[in-house]
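In what follows, a structure is listed as structure tokens, so that the remarks can point back to it.
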Amino acid sequence: MTSQPRTSTVQPLLQPVRLGALELPNRVVMAPMTRARAQNAELAPTDLHAAYYAQRAGAGLIVTEGTWVSADAIGFINVPGIYSEAQTAGWAKVTEAVHETSGRIVSQLGHVGAVSHPDHRGGRLPAGPSAVNPGETSFTPAGPKDTLTPRAFTAAEIADTIAAYRHAATPRSQRPAASSRV
């Protein structure tokens, strides 16, 4: 009689794994899902965000919803940013809530570019890689609207967008005390 190979009774998905510098307790990663719950003028995460993410802290890693890196990055209503002090303070509360339950969380930084709409930008056209309408729908405060033909990014705007991502990725404790980014 031939012996059958022993199969492990431990689900591989639930085994710890190292992901770069992160030691994850399991291989479950919560994918980003936009909640559109930042219903405040600052577009700052609220206590509802902290509770939502803390409830999911059993995942090996949480990737947040797309988070605007600047006011020019906005393309959907009620999605939080991470470019102002109010926003970074809100995300600090979220992070603390997740860490209190031994969770791990990273932010998905976002900028929609040409998929934005003038309604998000005080009437100004959004900028994109080229002046080509992406043919999408933007969810604005007035409801869904078709995108328009954007203007092409200037070299200076590309540099500003890179700087906005850099700023958003910089830990709050390492940011300049009075940031001029808005």
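Residues in the sequence shown are numbered from 1 upward in steps of one, following this note's numbering. Ideal placement from N, C-alpha and C gives every residue a C-beta, glycine not left out.
Query raised in the report: Does the region 125–135 come within contact of the region 80–91, defined as at least 3 CB pairs closer than 8 Å?
Result: Taking a cut-off of 8 Å for Cβ pairs, the region 125–135 and the region 80–91 do not touch, as fewer than three such pairs fall below it.
Query raised in the report: Distance, Cα to Cα, residue 153 vs residue 127?
Result: If you draw a straight line from the Cα of residue 153 to the Cα of residue 127, it comes to about 5 Å.
Report task. Name, in chain order, the residues that DSSP records as bridge partners for residue 106. Result -> BP columns for residue 106 point to 63.
Requested in this report: Return the chain-ordered list of same chain residues with a C-beta closer than 8 Å to the C-beta of residue 15, the five sequence neighbours on each side being excluded.
Outcome: In chain order, 26, 27 place their CB closer than 8 Å to the CB of residue 15, counting only its own chain and leaving out the 5 sequence neighbours on each side.
Query raised in the report: From what residue to what residue does the beta strand (DSSP E) around residue 23 run?
Result: Note, residue 23: beta strand (DSSP E), 22–24.
**Report entry** Proximity to residue 93 [Cα-Cα], best of 44, 63, 124, 61
**Finding:** For residue 93, the nearest C-alpha among the options comes from 44.
Query raised in the report: Between which two residues does the alpha helix (DSSP H) containing residue 137 stretch?
Result: Note, residue 137: premise wrong, no alpha helix (DSSP H); beta strand (DSSP E) at 137–140.
Requested in this report: Note down the Cα distance separating residue 72 from residue 22, rounded to an integer number of angstroms.
Outcome: One C-alpha to the other measures close to 31 Å.
Requested in this report: Taking 9 Å as the cut-off, decide whether the C-beta atoms of residue 48 and residue 104 are in contact.
Outcome: The Cβ atoms of residue 48 and residue 104 do not sit closer than 9 Å to each other.
Query raised in the report: With a CB to CB cut of under 7 Å and the five nearest residues on each side skipped, what residues in its chain are close to residue 95?
Result: Taking C-beta separations shorter than 7 Å and ignoring five residues to either side along the sequence, the partners of residue 95 in its chain run 105, following chain order.
Query raised in the report: Can you name, in chain order, every residue of its own chain whose Cβ lies under 6 Å from the Cβ of residue 157, other than the five neighbours on each side?
Result: When the five nearest sequence neighbours on each side are left out, the beta carbons in the same chain lying within less than 6 Å of the beta carbon of residue 157 are those of 127, in order along the chain.
Query raised in the report: Are the region 112–124 and the region 137–156 in contact at 8 Å, needing three or more beta carbon pairs?
Result: These segments touch.
Query raised in the report: Taking the alpha carbon of residue 169 as the point to measure from, which residue in 67, 119, 17 has its own alpha carbon closest?
Result: When only C-alpha atoms are compared, the closest one is 67.
Requested in this report: Would you grab the beta carbon distance between residue 63 and residue 32 for me? Rounded to a whole angstrom, and I think it's under 8 Å.
Outcome: The Cβ separation is near 5 Å, so the contact holds.
Query raised in the report: Among residues of its own chain, excluding the 5 on either side of residue 57, which ones have a beta-carbon nearer than 7 Å to its beta-carbon?
Result: Same-chain partners within the cutoff: 98, 101, 102, 103.
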